[in-house]
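*Asks:* What follows is a structure written as structure tokens; I'll ask about it next.
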Amino acid sequence: DAGVTQSPTHLIKTRGQQVTLRCSPKSGHDTVSWYQQALGQGPQFIFQYYEEEERQRGNFPDRFSGHQFPNYSSELNVNALLLGDSALYLCASSLGGQGAYGYTFGSGTRLTVV
Amino acid sequence: TQLLEQSPQFLSIQEGENLTVYCNSSSVFSSLQWYRQEPGEGPVLLVTVVTGGEVKKLKRLTFQFGDARKDSSLHITAAQPGDTGLYLCAASGGSNYKLTFGKGTLLTVNP
Numbered sequence: 019d020a021g022v023t024q025s026p027t028h029l030i031k032t033r034g035q036q037v038t039l040r041c042s043p044k045s046g047h048d049t050v051s052w053y054q055q056a057l058g059q060g061p062q063f064i065f066q067y068y069e070e071e072e073r074q075r076g077n078f079p080d081r082f083s084g085h086q087f088p089n090y091s092s093e094l095n096v097n098a099l100l101l102g103d104s105a106l107y108l109c110a111s112s113l114g115g116q117g118a119y120g121y122t123f124g125s126g127t128r129l130t131v132v
Numbered sequence: 012t013q014l015l016e017q018s019p020q021f022l023s024i025q026e027g028e029n030l031t032v033y034c035n036s037s038s039v040f041s042s043l044q045w046y047r048q049e050p051g052e053g054p055v056l057l058v059t060v061v062t063g064g065e066v067k068k069l070k071r072l073t074f075q076f077g078d079a080r081k082d083s084s085l086h087i088t089a090a091q092p093g094d095t096g097l098y099l100c101a102a103s104g105g106s107n108y109k110l111t112f113g114k115g116t117l118l119t120v121n122p
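Here it is, written out as structure tokens:
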């Protein structure tokens, strides 16, 4: 049973460019959340998608946007990349939004902006 | 804004020692979760606690949720090098769908 799959694993982009990260949730899960983890910090919530809609958003600018597809997979898009966007981007899936019994995380995409 | 304070931030011990990691907040949570994260990987769920005063054991790991559901602790007995990693507590509350994470405790167990 595959867990959460994220692609790509590593990515280097230039400041000002745009990037798309992809996530396939664990089988049986219908909700996808995205987190940003800077070096030495805990993950920070970006947003959550359920039924193909953004259900809740954290304190991130509009440059961060997402999408959920009918098969529950999701994309995270970041426009006009800044050096400060360099981080590990984590996708987490759950059955139902509140994940009261825990989330399953992918291994993440390491984004470096130069 | 819910904040989770974890302590200590760093911990380096010898194999066989015991340790306790703390997670505190001024807010009440409906559930609290502990994760372990290794370098280059995503967090892996260790346990979820939902009831005030609840104690859960996972082999050599003991997790406790405070009576008021504002704090939690993780105790490891006879630590092993394989326990090395970043231990994160995370909580959710009310109608909030997001998980709020602490900054983590980076544990190193030396052989």
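These protein sequence lines are chains A and B, in that order.
Under my numbering, the very last position in the first sequence is 132; numbers go up by exactly one each time.
Under my numbering, the very last position in the second sequence is 122; numbers go up by exactly one each time.
The C-beta atom is built at its ideal place from N, Cα and C for all residues, glycine as well.
#1: So with Cβ pairs under 8 Å, would you call Phe78/A a contact of chain B?
#2: Is it buried or exposed for Ser109/B, if we count other Cβ within 10 angstroms and need 16 for buried?
#3: Could you name the residues of the segment 57-73 of chain A whose beta carbon sits closer than 7 Å to any beta carbon of chain B, in the order they occur along the chain?
#4: Where Ser92/A and Gln86/A are concerned, what is the direct C-alpha to C-alpha distance, given to the nearest angstrom?
#5: Determine the closest residue to Glu16/B out of Ile24/B, Lys81/B, Gln48/B, Gly64/B, with distance taken between C-alpha atoms.
#6: Can you look up Asp82/B in the DSSP assignment and give me helix, strand or coil?
#7: Which runs of the beta strand (DSSP E) at least 3 residues long sit entirely within the segment 52-113 of chain A? Give them in chain order.
#8: Tell me where the beta strand (DSSP E) around Lys114/B begins and ends.
#9: Between Gly113/B and Phe123/A, is the Cβ-Cβ spacing less than 8 Å?
#10: Could you tell me the alpha carbon to alpha carbon distance between Ser38/B and Leu14/B, rounded to whole angstroms?
#11: Under 9 Å Cβ-Cβ, which residues of chain B neighbour Tyr121/A?
#12: Strictly below 7 Å CB to CB, what residues from chain B border Leu108/A?
#13: Just to make sure I have the definition right: I need the residues of chain A whose C-beta is within less than 9 Å of the C-beta of Lys70/B. Which are they?
#14: Going along chain B in order, which residues have a C-beta closer than 7 Å to the C-beta of Gly126/A?
*Replies:* By the coordinates alone:
#1: In terms of beta-carbon proximity, Phe78/A stays away from the interface with chain B, with every pair separated by 8 Å or more.
#2: One detail in the question is off: residue 109/B reads as Lys in this sequence, not Ser. Buried, by the Cβ-count rule.
#3: Residues passing the 7 Å Cβ filter: Gln59, Gly60, Pro61, Phe63, Gln66, Arg73.
#4: The C-alpha of Gln86/A is placed about 4 Å away from the C-alpha of Ser92/A.
#5: Measuring from the Cα of Glu16/B, the nearest candidate turns out to be Lys81/B.
#6: In the structure shown, Asp82/B sits in a strand (DSSP, three-state: E or B).
#7: Counting only runs of 3 or more, we get 62-68, 71-75, 82-86, 92-96, 105-112.
#8: Lys114/B -> no beta strand (DSSP E), and no H or E assigned at all.
#9: Contact flag unset, no.
#10: Going from the Cα of Ser38/B to the Cα of Leu14/B covers about 8 Å.
#11: Against chain B, a Cβ distance below 9 Å from Tyr121/A picks out Gln44, Tyr46, Pro54, Leu56, Ala101, Leu110.
#12: What Leu108/A touches in chain B, judged by beta-carbon distance under 7 Å, is Gly53, going in chain order.
#13: Ordered by position in chain A, no residue passes the 9 Å Cβ test against Lys70/B, which lies about 18 Å from the chain.
#14: Think of a sphere of 7 Å around the beta carbon of Gly126/A: the chain B residues whose beta carbon falls inside it are Gly53, in chain order.
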